[in-house]
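Asker: Handing you a structure now.
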Amino acid sequence: METKMGCSVSGIGRATGKQFAHYGAKGLVLTDINEAGLQQSKEEILAKYPKIEIETIKMDVTNEQSIISAHEAAVKRFGRIDYAVNNAGTPGHMIASSQSTYAEFKFGVDINLFGVWMCQREQLKQMESQQPNQRGAKGSIVNISSIYGHTCGKNTTSYCAAKHAVLGITRSDGANYAKSGIRVNAVCPGYTDTPMLRMPGAGSAVGMDEYINVCPMGRLGEAREIADVIVFLSSPMASYVTGQDIPVDGGFLIV
């Protein structure tokens, strides 16, 4: 593998960085607004994979110029972007629509949708401009949606709207850029044991036991299990896959 870029400060993001390193990525660009978390991710990865090159870049996914600058810095450091994972996310404000303000609704959409789209836009620009790799591909993008991109939950209007839309931009650009040698896919995690699930207003909305009870496998997912599917979609093993999404949910969506 060549160079991977994505948000990697905790949970699925950090696990994804580790799995890319495990499967042989030569360089990683880790981005997040949390600089201390970035440094911790870098140290954890280097402790196990000391030969990999890692660049950390502070990036705010709600700020267009921050996103543009981060991608420019990544290309300056490594020359190209071969794999990108867009996984910034927040549960947002879990409020009934009739009680929600515009600002509360927009907060979740800005991070969960517009942030993903702006990152994807910059990645597509770069991948279009770069030479194909030895397998004839210019790049692969994996967006992180959610099981809530297929279904919904109580008072999750903003979150569901954004996660459904992430699948829309994935399918649209998966088709638009297929002939350019760029693949765009999505992963839809189910209830996964991450800091985000345990945030007030997320895990407490239903209760961790209830999350486990509604999963046919009877447990929460592990961040590494999501990361493995992300790496698969990024890799040549999925070279004929684009515009698709894979739920990684322990069977939640089939019952």
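Going by the numbering used here, the sequence shown opens with residue 2, and the numbers climb by one from there.
Just so it is clear, CB atoms sit at the ideal spot from N, CA and C, and this is done for glycine as well.
Here the structure is a predicted model, which means the values were calculated and not measured.
Please report the distance separating the alpha-carbon of residue 66 from that of residue 227.
Answerer: Distance between the alpha carbons of residue 66 and residue 227: 29 angstroms.
Asker: Just the Cα atoms here: how many angstroms apart are residue 251 and residue 150?
Answerer: Rounded to whole angstroms, residue 251 to residue 150 spans 16 angstroms at the Cα level.
Asker: If you follow the beta strand (DSSP E) that residue 84 is part of, which residue opens it and which one closes it?
Answerer: Unbroken beta strand (DSSP E) run through residue 84: 84-87.
Asker: Look up residue 152 in the DSSP assignment and say whether it is helix, strand or coil.
Answerer: Residue 152: coil per DSSP, three-state reduction.
Asker: Comparing C-alpha positions only, which one of 47, 168, 136 and 18 sits nearest to residue 147?
Answerer: Checking every option, the nearest Cα to that of residue 147 belongs to 168.
Asker: Can you list the beta strand (DSSP E) stretches of 3 or more residues lying completely in the stretch 16-84, in chain order?
Answerer: Segments of the beta strand (DSSP E) lying fully in the stretch 16-84: 28-33 and 54-59.
Asker: Which residues does DSSP pair with residue 143 in a beta bridge?
Answerer: Its beta-bridge partners are 86 and 186.
Asker: Confirm, please, whether the CB-CB distance from residue 62 to residue 142 is below 8 angstroms.
Answerer: No. Outside cutoff.
Asker: Between the beta-carbon of residue 145 and the beta-carbon of residue 92, is there less than 8 angstroms?
Answerer: Going by C-beta atoms, residue 145 is not nearer than 8 angstroms to residue 92.
Asker: What is the DSSP secondary structure of residue 255, reduced to helix, strand or coil?
Answerer: Correct three-state label for residue 255: helix.
Asker: What would DSSP say about residue 205, mapped onto helix, strand or coil?
Answerer: A caution first: residue 205 carries a pLDDT of 46, below 50, which makes its placement in the model unreliable, though a value can still be read off. DSSP places residue 205 in helix when its eight states are reduced to three.
Asker: Are the Cβ atoms of residue 104 and residue 156 separated by less than 8 angstroms?
Answerer: In this structure, residue 156 does not lie closer than 8 angstroms to residue 104 by Cβ.
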